[in-house]
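Asker: Please read through the structure below; I'll follow up with questions.
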Amino acid sequence: MPARLRDETKLALSGVADALIHPSPRKLNITLRYDVASLLAQANACRQKKLLRLPHIFAKVLELPFHSDADVSVDETPASIRFTAATDDISGDVRADAVAIYPGVTKIVIRGNGVVDLSGTEFELDLWRFRLPPSTRPELVSAAYENGDLVVTVPKGAEHGGDLGNRGRLVLVQ
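In this text, residue positions in the sequence shown follow full-length UniProt numbering: the first is 1, and each later residue adds one.
Set out below in structure tokens:
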């Protein structure tokens, strides 16, 4: 290759190489457009915000003190819904309480000897839950420990209760 052509090729290639390399920034101190502390404060505020409830969708829920993958047998009759779960952890007296967690939203929780209250110790999303139909009466729920099984019975009310809609009238006698 002639010397002149070699010099022109080197010159052309060096120009291409210089064009591909970005110049170094002249401004060394880069300022952030966002205040990191305020972003972290907003993230914490979002975590502490209460979630909105959907009472018309999840009005009645049964929550059992088992993990969400537990084997629970559900038997439905015209008079009630019966939940049965085999367990060795629970013994003695157990009771079911209907807790109003929001106006119009009722959650049935199981309490008693050997029942671990997972609400404060573990993450609540991993509990076994069942959305109850509108015809159930969570205020009349019963729980018992029979032959190594936890049995929870949720009675049903009348499907069409006249003026009261799907809600029957509850009269407590003392």
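The C-beta atom is built at its ideal place from N, Cα and C for all residues, glycine as well.
None of these values were measured; they are calculated from a predicted model.
Counting only runs of 3+ residues fully inside the segment 56–90, write out the beta strand (DSSP E) ranges in chain order.
Answerer: Entirely contained in the segment 56–90, the beta strand (DSSP E) runs reaching 3 residues are, in chain order, 60–67, 73–76 and 80–86.
Asker: With a threshold of 7 Å on Cβ separation, who are the neighbours of E122 within its own chain once the five nearest residues in sequence on each side are excluded?
Answerer: Confidence is the limiting factor: at E122 the pLDDT is only 46, short of 50, which leaves the residue's position unreliable, though a coordinate-based value still follows. Excluding sequence neighbours, E122 sits near nothing in its chain.
Asker: Measure the CB-CB distance between A96 and V141 and report whether it falls below 7 Å.
Answerer: It is a contact, given that the beta carbons lie within the stated cut-off.
Asker: Could you name the residues of the same chain whose beta carbon sits closer than 8 Å to that of H67, not counting the 5 residues immediately before and after it, in chain order?
Answerer: Excluding positions up to five away in sequence, the list reads D126, L127 and W128.
Asker: Leaving out five residues before and five after D71 in sequence, what residues of the same chain have Cβ atoms less than 8 Å from its Cβ?
Answerer: Within the same chain, D71 has close Cβ partners A85 and A86.
Asker: So, at 6 Å on beta carbons, what are the nonlocal neighbours of S73 in its own chain, with the 5 sequence-adjacent residues on each side left out?
Answerer: Closer than 6 Å at the Cβ level, and outside the excluded window around S73, lie T84.
Asker: Report all residues from its chain with a CB closer than 6 Å to the CB of V151; omit the five preceding and five following residues, and keep chain order.
Answerer: For V151, where only same-chain residues beyond five positions count, the Cβ hits under 6 Å are T84 and A144.
Asker: In three-state DSSP terms, what is L127?
Answerer: L127 falls in the strand class under three-state DSSP.
Asker: Put P134 into one of helix, strand or coil per three-state DSSP.
Answerer: If DSSP states are grouped into helix, strand and coil, P134 belongs with coil.
Asker: So, K107 versus V154, is the Cβ gap smaller than 7 Å?
Answerer: No, they are not a contact pair.
Asker: Hey, how far is the Cα of D69 from the Cα of I81?
Answerer: Approximately 20 Å, taken between the alpha carbons.
Asker: Where does V94 land, buried or exposed, given buried means 16+ other C-beta within 10 angstroms?
Answerer: It is buried - the Cβ of V94 has at least 16 other Cβ atoms within 10 Å.
Asker: With C-beta atoms as the reference, is E63 less than 7 Å away from V99?
Answerer: Not closer than 7 Å, so no.
Asker: Between which two residues does the beta strand (DSSP E) holding V105 run?
Answerer: That run of the beta strand (DSSP E) goes V105 to G112.
Asker: Measuring CA to CA, which of V105, P133 and D89 is closest to T77?
Answerer: Cα-wise, what sits closest to T77 is P133.
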